[in-house]
Amino acid sequence: MPEEGKGEKARERILAAARQVFAQYPFKAASTRLIAEAAGIERPLIHYYFGSKAKLFEAVARDLFEEFNQAHLSFLQGVERLPPREGLSLYLDRLLDYTLRHPEPMRIILVNMAQIGNLDEIPGYQYIPLHLEEIRHILENKVPLQGPPSEIQMFFLCFNNLMISFLGAKSCQAQVLGLDPEGPEYRQWIKDALLTLFAPWLARLIFPDSNR
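Our numbering puts the first residue of the sequence shown at 71, with every later residue one more than the last.
So this is what it looks like as structure tokens:
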């Protein structure tokens, strides 16, 4: 049994390596061998600390989305005092800064989307709809939206799926545009595209009886 201090360090190394591997490979294709190699440890240690690949994936997903939800509170700071377009612009700046520094959540969502027929097939994947619902809840507490529930749901679903596509598959998307996926031009393109598509829609949901 590893010593307590060394054991905690080994566990942290496994989690860090697992984030990288699960961001590159779907759950079914990612192996504990790959994770062990990335962490620089023996594979049995993964089973010692986490029991199985499924439990490790669940631990990674839980940590990532708890971190993202906590960060998301700061993305919305002060946006309720701004007009819809300016508020969305500020929100996007903060969101893009964070997700481009921490790409794993978007990548993990994207690489697994086409692999499953049911969310329950991947342990921990249930954190994704919970996370997206929490984002919606936080936003609606800050900026109450008006309109049919089906339209509000459509707004969030479209916005989230474009963010996942633009950021989770940024190498492909930027290549189509002839841009560097790590460069400022691609970041600006994402922001401009989302503002163009969603700022008028957001304004209508906030001020349904206004032309603002």
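The beta carbon of each residue, even a glycine, is placed where N, CA and C say it ideally should be.
Kindly indicate which residue of the options has the alpha-carbon position closest to the one of residue i.
i, options, result
"P219", "N230, R206, F135", "R206"
"L227", "L202, Q196, A239", "L202"
"A184", "R89, T102, G238", "G238"
"K212", "H117, A269, G157, E150", "E150"
"H172", "E137, K79, Q245", "E137"
"P46", "D167, I178, A273", "Since the first and last residues shown for the chain are 71 and 282, residue 46 lies out of range."
"I179", "G148, S235, E221, D133", "S235"
"F268", "F225, K240, L249, G217", "F225"
Please list the terminal residues of the continuous alpha helix (DSSP H) segment that includes residue i.
i, result
"G121", "Neither: G121 is in no alpha helix (DSSP H) and is coded neither H nor E."
"P270", "254 to 276"
"I179", "174 to 183"
"K212", "197 to 212"
"S101", "Run containing S101: none; DSSP gives neither H nor E here."
Should residue i be labelled buried (16 or more other beta-carbon atoms within 10 Å of its own) or exposed?
i, result
"F92", "buried"
"N182", "buried"
"P199", "exposed"
"G194", "buried"
"R30", "What is shown of the chain runs 71 to 282, which leaves residue 30 out entirely."
"L134", "buried"
"A99", "exposed"
Quiz item: Are three or more beta carbon pairs between the segment 74 to 88 and the segment 163 to 171 nearer than 8 angstroms?
Solution: Verdict: no, contact absent.
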